[in-house]
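What the sequence shown shows, in this note's numbering, is residues 183 to 634, in sequence order. Using N, Cα and C, we set each Cβ at its ideal position, and we do this for glycine too. Take a look at the structure below.
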Amino acid sequence: MAHLAHDPDARPDGRSANDLKAVMPLTAELRDGELYVGGVSTVELAREFGTALYVYDEEHIRERLATWLRELRAVLPQADVAYAGKAFTCKAMVRLLAEAGAHLDVSSGGELAIALAAGFPAERVVVHGNNKSERELTEAIEAGAGLIVVDCFEELERVNRLAGGRGVVQPILLRIKPGVVADTHEYIRTGAEDSKFGFGLSDGAALQAVEQALALPHCDLRGLHAHIGSQIYALESFAETLRVLAAFLAELRASTGFVARDLNLGGGVGIAYLADDEPPQIAQFAAIVAETLKAACREHDLPLPRLLVEPGRSIVAGAGLTLYTVGSIKKLLDLRTYVAVDGGMTDNIRVALYGARYESVIASRADAPRDALVTLAGKHCESGDVVAIDASLQSPRVGDVICMFATGAYGHSMASNYNRQVRPGVVFVRDGRAREVLRRETYADLLNCETD
Ligand SMILES: *Cc1c(COP(=O)(O)O)cnc(C)c1O
183 MAHLAHDPDA RPDGRSANDL KAVMPLTAEL RDGELYVGGV STVELAREFG TALYVYDEEH
243 IRERLATWLR ELRAVLPQAD VAYAGKAFTC KAMVRLLAEA GAHLDVSSGG ELAIALAAGF
303 PAERVVVHGN NKSERELTEA IEAGAGLIVV DCFEELERVN RLAGGRGVVQ PILLRIKPGV
363 VADTHEYIRT GAEDSKFGFG LSDGAALQAV EQALALPHCD LRGLHAHIGS QIYALESFAE
423 TLRVLAAFLA ELRASTGFVA RDLNLGGGVG IAYLADDEPP QIAQFAAIVA ETLKAACREH
483 DLPLPRLLVE PGRSIVAGAG LTLYTVGSIK KLLDLRTYVA VDGGMTDNIR VALYGARYES
543 VIASRADAPR DALVTLAGKH CESGDVVAID ASLQSPRVGD VICMFATGAY GHSMASNYNR
603 QVRPGVVFVR DGRAREVLRR ETYADLLNCE TD
């Protein structure tokens, strides 16, 4: 686990929250040195709801959704934004999507159930997964899901049979592996030829899938989908994917006569986790994607399809933060200082999984320079259970509330009950008010599935 190694030469950066705007939620502000979000004190939130706690700036989510829709439709008026629910889902989040006019990607039957329970319109749901069960497919078809993104030959047959059994025709896309290797962590790269997701282009599987889909009476092939990975900064990777897909569409029209109505470019636009990160702007993404798509369609003389994009992280990561309380401090002479918090790998697995890094402050003195260098350790029974290695922080004391920024994506949604830890609650803040949208789990929740 080389990424957990401590750098003996690392020094605290001396920055305060005033220098961390790039990773803080939109409404974050300091009042007497204390960090407020959505007009609510984070210290108060910790006191009222306990820690560990996920906090979301509702305004930030609304603003990101609106920006995605506005920027994309400014250049491609028919475009749709399908938020990737796997980044973070709950009914309150789904309602924000419904209000904004966004679509929703679900990656499991459970996510679909939450969407439907929140009253989300099924025709705006896009169903994903590389091994959807019969039950999940049945639920999606019966609900009237707008699109099922078919990942394999077995699934084509299943969708056709299940839709046929209900006397309906199911709109589908086919997931294609464009052979584009995104410049990101290996675990979150999905577009290469050697990937478990989708149909390959070079081996002819994609062409064969299109031919089969066109012959199935209960599948309505609307177009193609590709998702090349996550936390991508290089916009050229998206442009390259579009060029590959458009060339394939031209080939398809020549060989089968098929003309796509939809083209789904997936998600993966990166965000800032560290203060100096410079992620692409949504407007830049929209401009490059629109320009490339229009040029490719012109080149191949294809009608412009409706473009769908599926941002997850880009919408919620920066909106969320995690509050922890410091429980113990161990200064290991000439080694490092471990500051243990009341959470860790069960509420944020990304550090252990990908070596992810974050910025943190002490909530009550966020305006002070970060003059200490510490390793924030979790409370779980694994040495790899850390939340930040070599983190600059205002010298922590036992009882301090630590605020870790940009944890809104793949934090709560990847949370586990390891060590029989209860999952933290989720609080939305806005206009000086906090509402708990998911309560903290209790031991009763842990015992709920016991049958004996
Ligand atoms: C994970 C995923 C997304 C979202 O990725 P982000 O990096 O969160 O934007 C979109 N589409 C598909 C198919 C995915 O698997």
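Could you check what DSSP says for residue i in three-state terms: helix, strand or coil?
i: I643; result: The question about residue 643 has no answer, for the chain in this structure spans 183 to 634.
i: T423; result: helix
i: Q463; result: coil
i: R622; result: coil
i: K512; result: strand
i: K359; result: strand
i: M183; result: Note that M183 has pLDDT 47, beneath the 50 cutoff, so the model's placement of it is unreliable and the number below is only indicative. Here M183 sits in coil by DSSP.
i: N446; result: strand
i: A192; result: coil
i: V351; result: coil
i: D627; result: helix
i: L517; result: coil
i: L434; result: helix
Are the beta-carbon atoms of residue i and residue j separated by less than 8 Å?
i: A274; j: L294; result: no
i: A388; j: L424; result: no
i: V451; j: I414; result: yes
i: V288; j: A457; result: no
i: P606; j: A234; result: yes
i: V426; j: P485; result: no
i: G439; j: K268; result: no
i: E324; j: R348; result: yes
i: H242; j: P207; result: yes
i: L396; j: L403; result: yes
i: E240; j: F610; result: yes
i: R167; j: L286; result: Because the chain spans 183 through 634 in this model, residue 167 falls outside it and cannot be assessed.
i: T338; j: A391; result: Per the sequence shown, the amino acid found at residue 338 is Leu instead of Thr. Yes, these two residues count as a Cβ contact at 8 Å.
i: T504; j: K513; result: no
i: G590; j: G500; result: yes
Hey, how far is the Cα of residue i from the Cα of residue j?
i: H400; j: E393; result: 14 Å
i: V491; j: A299; result: 24 Å
i: R621; j: N599; result: 15 Å
i: V498; j: L555; result: 28 Å
i: L445; j: A345; result: 23 Å
i: S510; j: H562; result: 14 Å
i: V608; j: E473; result: 39 Å
i: V351; j: N342; result: 8 Å
i: A559; j: R213; result: 28 Å
i: A192; j: E433; result: 54 Å
i: N200; j: R488; result: 42 Å
i: Q603; j: V331; result: 35 Å
i: M183; j: R539; result: Confidence is the limiting factor: at M183 the pLDDT is only 47, short of 50, which leaves the residue's position unreliable and the question unanswerable from this model.
i: V362; j: I296; result: 33 Å
i: L251; j: L517; result: 49 Å
Within a Cβ cutoff of 6 Å, which residues of the same chain sit near residue i, ignoring the five residues on either side of it in sequence?
i: S546; result: E216 and V225
i: A468; result: E253, L254 and V257
i: G448; result: A408, H409 and E492
i: G291; result: E318 and E321
List the endpoints of the continuous alpha helix (DSSP H) containing residue i.
i: A395; result: A387 to A397
i: L294; result: G291 to A299
i: G607; result: Note, G607: premise wrong, no alpha helix (DSSP H); beta strand (DSSP E) at G607 to R612.
i: E564; result: Unbroken run through E564: none, as it is neither H nor E.
i: L592; result: A quick correction: the sequence has Tyr, not Leu, at residue 592. Note, Y592: premise wrong, no alpha helix (DSSP H); not H, not E.
i: V276; result: K273 to A282
Note the first and the last residue of the continuous beta strand (DSSP E) segment covering residue i.
i: A327; result: Careful: A327 lies outside any beta strand (DSSP E) and carries neither H nor E.
i: I544; result: S542 to I544
i: L254; result: Segment E240 to V257 is the alpha helix (DSSP H) holding L254; no beta strand (DSSP E) there.
i: A266; result: D262 to A266
i: L212; result: E211 to R213
Below 7 Å CB to CB, which residues in the same chain sit around residue i once its five sequence neighbours on both sides are set aside?
i: S223; result: E216
Take residue i and list the residues in its own chain whose beta-carbon comes closer than 8 Å to its own, dropping the five residues that flank it on each side.
i: E316; result: R340 and L344
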